[in-house]
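Asker:
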Amino acid sequence: MSLEQEWAGLTPRDAVALQRKTATAVITEDQLPVVRTVAGVDVGFEDKHTARAAVVVLDAATLEPVDHALARLPVSFPYVPGLLSFRECPVVMRALASLKVTPDLLLCDGQGIAHPRRLGVASHLGVLTGLPSIGVAKSRLLGTHDPVSDRRGAWVPLRDGNEVIGAVLRTRQGVKPLFISPGHRLSLATALEWVMACVTRYRLPETTRWADGLASNRGQRWLDRLK
DNA sequence: GCGACAG
DNA sequence: ATCTTGTCGC
Numbered sequence: 001m002s003l004e005q006e007w008a009g010l011t012p013r014d015a016v017a018l019q020r021k022t023a024t025a026v027i028t029e030d031q032l033p034v035v036r037t038v039a040g041v042d043v044g045f046e047d048k049h050t051a052r053a054a055v056v057v058l059d060a061a062t063l064e065p066v067d068h069a070l071a072r073l074p075v076s077f078p079y080v081p082g083l084l085s086f087r088e089c090p091v092v093m094r095a096l097a098s099l100k101v102t103p104d105l106l107l108c109d110g111q112g113i114a115h116p117r118r119l120g121v122a123s124h125l126g127v128l129t130g131l132p133s134i135g136v137a138k139s140r141l142l143g144t145h146d147p148v149s150d151r152r153g154a155w156v157p158l159r160d161g162n163e164v165i166g167a168v169l170r171t172r173q174g175v176k177p178l179f180i181s182p183g184h185r186l187s188l189a190t191a192l193e194w195v196m197a198c199v200t201r202y203r204l205p206e207t208t209r210w211a212d213g214l215a216s217n218r219g220q221r222w223l224d225r226l227k
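When you number the first sequence by the numbering used here, it's gap-free, plus one each residue, and the end is 227.
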C-alpha cells in the first residue's frame, strides 16, 4: 500500500503520536556504505492543491547528475510547523520509487533530528527508506546557538537544552548559514562532511540546488540541463 | 497568556 | 512554499 493511503485521514494529533513512535527507529551513528551517489530531495507546490517532488541523484565524486525523478500528488495535509513530513513524504516516496539508481545518501530540505520529537522530514524519510539521510534546512525550527564565524566551513553546534541536535554551518562567506542535522544512519560530523562535499560556489549544496530547481515552477529550465 | 514556528 | 529581473555588494 502507498504511503498516501496509509496516512489517509491522519489528524495532526495522530501524526504527533506516529512521530513519537517512529523516532524510536532513528539511528545517529555512522552506518553508511561506500557513498558513490548522493541525492537531493525537495518538494514544491504547483498550487495549493498539488505537491511536486523532485529527487536528483548525483555522482558523489563529480557532482554530475546521473538520475532524477519527479512525482505529483494532491496535497492532503496542512503545513504545521513540526509536521512537515506528513505533507511531503507521500509524494517524495513516489518519486524515490521511480528512480533507476538508488542513492547511497539523501540530502533533504528541512530538519533531521533538530526537531521537537527528533523526527524532521529528513529523519522520517531516512526511516521510511532505510537510507542514510541528512537534514539541510535554510532556517531554524528548534534550538539555540552562538554566532557563526563568517568563514566557509565554519560551524557551531545547535542545541536544545544540553543536547546537541545539529549544527549551524556557513557554507560560504557572506551568506546566511544552513541548519544541518543528522537524518538517519549517520553522525553530525559525517553529515557536515557530506554537506560540504556537495557545496561548490553557492550557499546551497548541489544536491539541494538541483532538487529545488526541478521541484519549483521553473523546473523546465533545469530539466533542459539534464542532457 | 504571549511569541516562535522546517517548507 | 509562492509572487519575480535586474541589480547592489562582498
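The C-beta atom is built at its ideal place from N, Cα and C for all residues, glycine as well. Computed from a prediction, not measured in an experiment: that's the story for all the values here.
Bridge partners of Glu163, per DSSP?
Answerer: As a position in the first sequence, residue 163 is number 163, starting the count at 1. Answer is Asp160, bridged to Glu163.
Asker: Quick one, which of Leu192, Glu193, Arg118 has its alpha-carbon nearest Glu163's?
Answerer: Within the first sequence, numbered from 1, the residue matching residue 163 stands at position 163. Looking at the Cα atoms, Arg118 is the closest of the given residues.
Asker: Going along the chain, which residues of its own chain have a beta-carbon closer than 8 angstroms to the beta-carbon of Phe45, five neighbours each way excluded?
Answerer: The sequence position of residue 45 within the first sequence is 45, counting from 1. So the qualifying residues of the chain are Ala51, Arg52, Val75.
Asker: Let me know the secondary structure DSSP gives Arg52 once reduced to three states.
Answerer: Along the first sequence, read from residue 1 onward, the residue named residue 52 stands at position 52. Three-state result, Arg52: strand.
Asker: Tell me which residues share the same chain as Ala197 and place their Cβ nearer than 7 angstroms to its Cβ, disregarding the 5 neighbours each side in the sequence.
Answerer: Here residue 197 is taken as the residue at index 197 of the first sequence, counted from 1. Cβ within range, chain order: n/a, list empty.
Asker: Would Leu125 and Ser181 qualify as a contact pair, given that the criterion is a beta-carbon distance under 9 angstroms?
Answerer: Position 125 of the first sequence, counted from the start, is the residue given in the question as residue 125. Position 181 of the first sequence, counted from the start, is the residue given in the question as residue 181. No. Outside cutoff.
Asker: Based on DSSP bridge pairs, tell me the residues matched to Ala39.
Answerer: Within the first sequence, residue 39 is the residue found at index 39, counting from 1. In the DSSP output, where bridge partners are listed per residue, Ala39 has Val57, Leu106.
Asker: With DSSP run on the structure shown, which of helix, strand or coil describes Glu88?
Answerer: Within the first sequence, residue 88 is the residue found at index 88, counting from 1. If DSSP states are grouped into helix, strand and coil, Glu88 belongs with the helices.
Asker: Nearest to Ser139 by CA position, among Leu70, Lys176, Val26, is which residue?
Answerer: Position 139 of the first sequence, counted from the first residue, corresponds to residue 139. Among Leu70, Lys176, Val26, the Cα nearest to that of Ser139 is on Lys176.
Asker: Roughly how far, in whole angstroms, is the beta-carbon of Pro205 from the beta-carbon of Val148, given that I think they are within contact range, below 8 angstroms?
Answerer: Against the first sequence, residue 205 aligns to sequence position 205. Against the first sequence, residue 148 aligns to sequence position 148. Going by Cβ atoms, the distance from Pro205 to Val148 rounds to 17 angstroms, so no, they are not a contact pair.
Asker: Could you name the residues of the same chain whose beta carbon sits closer than 7 angstroms to that of Pro157, not counting the 5 residues immediately before and after it, in chain order?
Answerer: Locating residue 157 in the first sequence gives position 157, counting from the first residue. Excluding residues within five positions, the ones whose Cβ falls inside 7 angstroms are His145, Val164, Ala167.
Asker: Would you report the Cα separation of Glu88 and Ser216, rounded to the nearest angstrom?
Answerer: Taking the first residue of the first sequence as position 1, residue 88 is located at position 88. Taking the first residue of the first sequence as position 1, residue 216 is located at position 216. Approximately 14 angstroms between the Cα atoms of the pair.
Asker: With which residues is Ile134 paired in a DSSP beta bridge?
Answerer: Counted from its first residue, the first sequence places residue 134 at position 134. Answer by DSSP bridge pairing, in chain order: Leu107, Pro182.
Asker: Within the same chain, show all residues whose beta-carbon is closer than 6 angstroms to that of Arg185, passing over the 5 residues directly before and after it, in chain order.
Answerer: Stepping through the first sequence from its first residue, residue 185 is reached at position 185. These residues qualify, in order along the chain: Ile27, Gln31, Pro132.
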